[in-house]
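In what follows, a structure is listed as structure tokens, so that the remarks can point back to it.
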Amino acid sequence: MTQTASRTALVELSGVSKNYGNVRALEGVSLEVHAGEITCVLGDNGA
Numbered sequence: 013m014t015q016t017a018s019r020t021a022l023v024e025l026s027g028v029s030k031n032y033g034n035v036r037a038l039e040g041v042s043l044e045v046h047a048g049e050i051t052c053v054l055g056d057n058g059a
């Protein structure tokens, strides 16, 4: 997605990682959500 100066992200995550013990569930995830967008994040089991 190309971002212009007039489109400021309402939510911005950068480089997010999550471990459960020795299991790495996320590594280096980035996300931007802009006004008017609908965003859904689902895992393998739909959760």
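Quick note: the sequence shown, position 34, residue 46 per the numbering used here, numbers continuous. Glycine included, each C-beta is placed from N, C-alpha and C at the ideal position.
Exercise. Comparing alpha-carbon positions, which option in Val28, Val45, Ala47 lies nearest Leu38?
Worked result: For the purposes of this step, residue 38 is identified with residue 26 of the sequence shown, where counting begins at 1. That would be Val28, whose Cα lies nearest to the Cα of Leu38.
Exercise. Tell me the DSSP bridge mates of Ile25?
Worked result: Counting from 1 along the sequence shown, the entry for residue 25 is found at position 13. Correcting the residue identity first, residue 25 is Leu in this sequence and not Ile. Paired residue(s): Leu43.
Problem set entry | According to DSSP, residues forming a beta bridge with Arg1 | Since the first residue of the chain shown is 13 and the last is 59, residue 1 is not available in this structure.
Exercise. Is Leu54 helix, strand or coil when you go by DSSP?
Worked result: Residue 54 sits at position 42 when you count from the first residue of the sequence shown. If DSSP states are grouped into helix, strand and coil, Leu54 belongs with coil.
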